[in-house]
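S.K.: Below are the C-alpha cells for one structure; questions will follow.
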Amino acid sequence: MRRRIDQLLVERGFAESRHKAQALLLAGQVMVGEQKVEKPGQLVDPDLEIRILRQLPFVSRAGAKLQAALDHFSIRVAGRVCADLGASTGGFTDCLLQNGAARVIAFDVGKGQLAWKLRADPRVTVRDEFNVRNIGPDDLPAALSLISMDLSFISVTKVLAPLRQALPVSALSIDVIVLVKPQFEVGKGEVGKGGIVREPDKRARALEGVEEFARRAGYSVIGSIPSPLAGAGGNQEFLLYLQPSGGLLSLS
Numbered sequence: 084m085r086r087r088i089d090q091l092l093v094e095r096g097f098a099e100s101r102h103k104a105q106a107l108l109l110a111g112q113v114m115v116g117e118q119k120v121e122k123p124g125q126l127v128d129p130d131l132e133i134r135i136l137r138q139l140p141f142v143s144r145a146g147a148k149l150q151a152a153l154d155h156f157s158i159r160v161a162g163r164v165c166a167d168l169g170a171s172t173g174g175f176t177d178c179l180l181q182n183g184a185a186r187v188i189a190f191d192v193g194k195g196q197l198a199w200k201l202r203a204d205p206r207v208t209v210r211d212e213f214n215v216r217n218i219g220p221d222d223l224p225a226a227l228s229l230i231s232m233d234l235s236f237i238s239v240t241k242v243l244a245p246l247r248q249a250l251p252v253s254a255l256s257i258d259v260i261v262l263v264k265p266q267f268e269v270g271k272g273e274v275g276k277g278g279i280v281r282e283p284d285k286r287a288r289a290l291e292g293v294e295e296f297a298r299r300a301g302y303s304v305i306g307s308i309p310s311p312l313a314g315a316g317g318n319q320e321f322l323l324y325l326q327p328s329g330g331l332l333s334l335s
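All letters in the sequence shown, in the order written, are residues 84 to 335 by this note's numbering.
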C-alpha cells in the first residue's frame with residue numbers, strides 16, 4: 084500500500100516532525116527511488132529507497148531566509164539579546180542561535196509549535212499563546228538589540244506600530260528584520276488563485292506599502308532584499324531591515 088511521503092520521513096527518522104519533513108520536500112531534498120518528490124501529500128511505494136540530498140541547516144526553511152538578510156546587511160548576532168515574533172517551528176530562532184545569540188525570546192500565538200531542540204535550549208525563552216499585536220514594554224527585556232518577525236495571516240503593519248510603541252523612544256540601535264509576505268499585505272481581491280500574488284507590480288506595491296507604514300510608525304528603512312526561498316505556494320517574499328527612528332510619528 085502506498086504511503087504519504089511526509090509520514091514516511093518522520094517514521095524512518097529522516098525528519099523529527101511532519102513540519103520538518105514538509106520543509107525538506109518543499110526544498111527539493113527528498114529522493115524516492117530515482118524520483119525527486121516535492122509534495123508532502125504525495126503517495127509513494129514504501130519499499131523504494133528514500134534518500135535526503137542535503138539536510139536543512141535550520142529547523143525550518145525560514146532560517147535560510149533570515150540568514151540571507153543577516154549576510155546581506157552584515158548584521159552580527161553574536162552575544163545579542165533577540166526577540167523572534169511569530170516563531171512557529173523556530174526557523175528564525177534557530178538561525179539566531181546558530182549565529183551566536185545570547186538569548187532569544189520566542190513569541191507565537193500558537194502553542195507547542197517550537198521545535199523541541201529549541202525549547203530545550205537554555206538560551207530560549209518560550210512565549211506561547213502570545214498575540215504580538217498586544218506586545219508592550221514589559222514583554223521586552225532592556226538588553227534587547229535585535230528583533231525578527233515572521234507573521235502569517237495578518238499584515239506586519241498590525242504589529243510594527245505596537246512594537247515601536249513598546250520600545251523606548253531612544254532605542255535607535257535595535258535591528259528589526261521583517262519577512263514581508265505580499266499575500267497578507269495586498270487586499271483580498273489582489274491575491275490570485277492558490278493565494279499567490281503573481282504580478283511583480285503588486286508585490287512591489289506591497290513592499291512599498293509596508294516601508295511607508297514603517298516610516299510613519301517611527302522606523303528608518305535601511306533596505307530590503309528578495310527572499311532567496313519562495314514562501315507558501317511559491318509566493319515571492321521580501322526581507323525588510325528597519326531600525327527605530329528618533330520619534331513616533333502619527334499614523335492618522
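Every residue gets a Cβ at the ideal spot worked out from N, C-alpha and C, and that includes glycine.
Check I135 in the structure and name its three-state DSSP category.
M.R.: Within the sequence shown, numbered from 1, the residue matching residue 135 stands at position 52. In the structure shown, I135 sits in a strand (DSSP, three-state: E or B).
S.K.: In three-state terms, what does DSSP make of A226?
M.R.: Locating residue 226 in the sequence shown gives position 143, counting from the first residue. A226: coil per DSSP, three-state reduction.
S.K.: Quick one: what does DSSP say A152 is sitting in, helix, strand or coil?
M.R.: As a position in the sequence shown, residue 152 is number 69, starting the count at 1. Helix.
S.K.: I need the boundaries of the alpha helix (DSSP H) containing I88, first residue and last residue.
M.R.: The residue given as residue 88 occupies position 5 in the sequence shown. Residues I88 to E94.
S.K.: Which of the three DSSP states is assigned to G306 in this structure?
M.R.: Residue 306 sits at position 223 when you count from the first residue of the sequence shown. Of the three classes helix, strand and coil, the one that applies to G306 here is strand, per DSSP.
S.K.: Work out the CA separation of S235 and I348 for me, nearest whole Å.
M.R.: Residue 348 falls outside the range modelled here, since the chain spans only 84 to 335, and no answer is possible.
S.K.: Would I320 pass as a contact of K285 if the rule is Cβ separation under 7 Å?
M.R.: Walking along the sequence shown from the start, residue 320 turns up at place 237. Walking along the sequence shown from the start, residue 285 turns up at place 202. Reading off the sequence shown, one finds Glu at residue 320, where the question assumed Ile. No, Cβ-Cβ distance for E320 and K285 is not below 7 Å.
S.K.: Could you tell me the distance, in whole angstroms, from the CA atom of S100 to the CA atom of P245?
M.R.: The residue labelled residue 100 in the question sits at position 17 within the sequence shown. The residue labelled residue 245 in the question sits at position 162 within the sequence shown. S100 and P245: Cα-Cα distance of roughly 33 Å.
S.K.: Do S235 and the ligand PLP come close, with the Cβ less than 6 Å from some heavy atom?
M.R.: As for the ligand PLP, it is missing from this structure, which has no ligand bound.
S.K.: What number of angstroms, rounded off, separates the C-alpha of R87 from the C-alpha of R144?
M.R.: The residue you call residue 87 lines up with position 4 of the sequence shown. The residue you call residue 144 lines up with position 61 of the sequence shown. Taking the straight line from one Cα to the other gives about 21 Å.
S.K.: Look up F321 in the DSSP assignment and give the residues it is bridged to.
M.R.: Your numbering for residue 321 matches position 238 in the sequence shown. According to DSSP, F321 bridges with V263 and P309.
S.K.: Would D167 and A189 be called neighbours here (beta carbons separated by less than 7 Å)?
M.R.: Here the question's residue 167 lines up with position 84 in the sequence shown. Here the question's residue 189 lines up with position 106 in the sequence shown. In this structure, A189 lies closer than 7 Å to D167 by Cβ.
S.K.: Mind checking whether D233 and G173 have CB atoms under 7 Å apart?
M.R.: By one-based count along the sequence shown, residue 233 stands at place 150. By one-based count along the sequence shown, residue 173 stands at place 90. No, the Cβ-Cβ distance between D233 and G173 is not below 7 Å.
S.K.: For the alpha helix (DSSP H) holding T240, just list the boundary residues, first then last.
M.R.: As a working mapping, residue 240 is identified with position 157 in the sequence shown. Unbroken alpha helix (DSSP H) run through T240: T240 to A249.
S.K.: For V239, which residues in the same chain have their Cβ closer than 7 Å to its Cβ, ignoring the five residues on either side in sequence?
M.R.: Start at 1 with the first residue of the sequence shown, and residue 239 comes out as number 156. M232, V261, V263 and V293, listed in sequence order.
S.K.: At which residues does the alpha helix (DSSP H) containing D177 begin and terminate?
M.R.: Taking the first residue of the sequence shown as position 1, residue 177 is located at position 94. Start and end: G174 to Q181.
S.K.: Given this structure, state the Cα-to-Cα distance separating R85 from L139, to the nearest angstrom.
M.R.: Taking the first residue of the sequence shown as 1, we reach residue 85 at position 2. Taking the first residue of the sequence shown as 1, we reach residue 139 at position 56. Approximately 26 Å, taken between the alpha carbons.
S.K.: Keeping to the same chain, check which residues put their C-beta closer than 8 Å to that of S307; ignore five residues upstream and five downstream.
M.R.: On the sequence shown, residue 307 is found 224 positions in, with the first residue counted as 1. V263, L290, E294, F321, L322, L323 and Y324, listed in sequence order.
S.K.: Please identify the residue among Q105, S157, E117 and L91 whose C-alpha is closest to the C-alpha of I305.
M.R.: Within the sequence shown, residue 305 is the residue found at index 222, counting from 1. For I305, the nearest C-alpha among the options comes from S157.
S.K.: Taking all protein chains shown into account, decide if R137 is buried (16 or more other Cβ within 10 angstroms of its Cβ) or exposed.
M.R.: Sequence index remark: in the sequence shown, residue 137 carries index 54 (1-based). Exposed: under 16 other Cβ atoms inside 10 Å.
S.K.: Using DSSP's beta-bridge definition, name the partner residues of I188.
M.R.: On the sequence shown, position 105 is the one that residue 188 refers to. Paired residues: A166 and T208.
S.K.: Going by DSSP in three states, D221 sits in which element: helix, strand or coil?
M.R.: On the sequence shown, residue 221 is found 138 positions in, with the first residue counted as 1. The answer is helix: DSSP assigns D221 an H, G or I state.
S.K.: Are I279 and G316 touching if we call contact CB-CB under 7 Å?
M.R.: Taking the sequence shown and counting its residues from 1, the one referred to as residue 279 is at position 196. Taking the sequence shown and counting its residues from 1, the one referred to as residue 316 is at position 233. Cβ distance < 7 Å, so I279 and G316 count as in contact.
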